[in-house]
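Per my numbering, the sequence shown starts with residue 836, numbered consecutively. Presented below is the structure to which this report refers.
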Amino acid sequence: MTTPGTTRFDGKVALLTGAGSGIGRAVALRLAAEGAVVHGLDVDAAALEETAADARAAGGRMHVRRTDVAVPGECRAAVEECVAVSGRLDVLGNIAGIASSEHVGDVTEDQYRRMMGVNVDGYFFMAQAALPHLLIASGNIVNIASNAGLMGIAYSVVYSMTKGAVVQLTRSLAMEFVKTPLRVNAIAPAGVRTNLTRGFHLPDDADFELMKPYMGFRGAAGPDDIAALFAFVASDEAINIHGAIISSDGGVTAG
Ligand SMILES: NC(=O)c1ccc[n+]([C@@H]2O[C@H](COP(=O)([O-])OP(=O)(O)OC[C@H]3O[C@@H](n4cnc5c(N)ncnc54)[C@H](O)[C@@H]3O)[C@@H](O)[C@H]2O)c1
């Protein structure tokens, strides 16, 4: 990504999960390029280091910590380290997520627990740990939801459930803190070209007619498209946006 030439995040600290790949990586590079001190978390330590090296090569500042967001204690430790190192927390980006496709009958208990752990527990416990610091900074949370949180998705029942939970986490936090300056919003992309979509394989006998409502007509987005929206929503320019689920899906949920 080219440096956008804005300084919307000068003096701000952003803590981002999933910063090793895809949308999280693009957001980390974008916010660092706009002046933020970025703290990136991911289970993939090598991928995180690559993001940080690219951020620094472009003149940005980025710290990393290997973190499994499915473990609440690791979420709390990551938030504490961020504030201890950088002195404040202005933006939490809950971005790390996993997806899979299978017949509902084939979902194992382990798969179910892991998806809930990363996509729901991770978002909740990161938010809970970050809230006291975000309130001090009058900061904000941006959760990455999905069109799958807004419509039913065949062969991805558990993933769709987790994204529905992210939508309600966003709205419920927005209501609980509506009398404070804290903002809480979500971005709901449809297809984005990342490792997550590259690793997504429908069951061999999938009924493709069921896919039509969420295939869309405009093709997949790039991670930078989502990062640009994230940077706006997380910035002071979006001061009046609170409790919103903002689709960036090429019209998939319009019809
Ligand atoms: N790609 C899409 O089409 C799409 C569409 C809608 C929503 N989303 C959402 O966007 C978010 C980012 O996805 P992406 O497409 O960039 O995927 P990605 O696979 O490229 O990146 C996800 C990152 O999260 C990390 N991660 C996975 N489990 C983790 C854990 N337990 N703790 C910490 N980090 C962990 C991975 O290592 C990876 O670096 C996810 O929440 C996903 O559900 C993606």
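Where a beta carbon is used, it is the ideal one built from N, C-alpha and C, also for glycine.
Item                                                                                                                                                                   : Value
Would you report the Cα separation of ALA868 and GLY895, rounded to the nearest angstrom?                                                                              : 6 Å
Between the C-alpha atoms of ILE1074 and PHE1012, what's the straight-line distance to the nearest angstrom?                                                           : 14 Å
Is the number of C-beta pairs between the region 852 to 866 and the region 1047 to 1059 that are closer than 8 Å three or more?                                        : yes
Taking the alpha-carbon of LYS847 as reference, which of THR886, THR902 and LEU969 has the nearest alpha-carbon?                                                       : LEU969
With DSSP as the reference, label ASN929 as helix, strand or coil.                                                                                                     : strand
Give a yes or no on whether the C-beta atoms belonging to PRO1038 and PHE960 are separated by under 7 Å.                                                               : no
In whole angstroms, give me the CA-to-CA distance for THR841 and ALA1066.                                                                                              : 11 Å
Hey, could you find the ends of the beta strand (DSSP E) GLY875 is sitting in?                                                                                         : 872 to 877
Just to confirm my understanding: we take ARG891, look at its own chain, exclude 5 residues before and 5 after, and list those with CB closer than 7 Å. What are they? : MET897
Quick one: grab the DSSP three-state call for ALA964.                                                                                                                  : helix
Rounding to the nearest angstrom, what Cα-Cα distance links GLY1086 and GLY974 in this structure?                                                                      : 30 Å
Looking only at its own chain, which residues have a Cβ that is under 7 Å from the Cβ of PHE1035, when we skip the five neighbours before and after it?                : ALA934 and SER936
Is it true that the CB of MET950 sits closer than 7 Å to the CB of VAL777?                                                                                             : Residue 777 lies beyond the stretch modelled for the chain, which goes from 836 to 1090, so this question has no answer here.
To the nearest angstrom, how far is it from the Cα of VAL872 to the Cα of ASP941?                                                                                      : 43 Å
Can you find a heavy atom of ligand 1 that lies under 6 Å from the Cβ of THR943?                                                                                       : no
Tell me which residues share the same chain as ALA913 and place their Cβ nearer than 6 Å to its Cβ, disregarding the 5 neighbours each side in the sequence.           : LEU876, ARG900 and THR902
Which value, in whole angstroms, describes the spacing of the CA atoms of LEU850 and ARG1053?                                                                          : 32 Å
For the candidate residues ALA980, ASN954, ASP925 and GLU885, whose alpha-carbon lies nearest to that of GLY870?                                                       : ASP925
Using the rule of at least 16 other Cβ atoms within 10 Å of the residue's Cβ for burial, across every protein chain shown, is ILE971 buried or exposed?                : exposed
What do you reckon, is the C-beta of VAL862 under 6 Å from a heavy atom of ligand 1?                                                                                   : no
Please return the same chain residues whose Cβ sits closer than 7 Å to the Cβ of TYR1049, not counting the five positions on each side in sequence.                    : ASN982, MET986, ILE988, ALA1025 and VAL1087
If you count every other CB in all the chains shown that lies within 10 Å of the CB of LYS998, and 16 or more means buried, which is it?                               : buried
Using the three-state DSSP reduction, which class does ARG860 fall into: helix, strand or coil?                                                                        : helix
Determine which residues share a DSSP beta bridge with HIS938 and list them.                                                                                           : None, per the DSSP bridge assignment.
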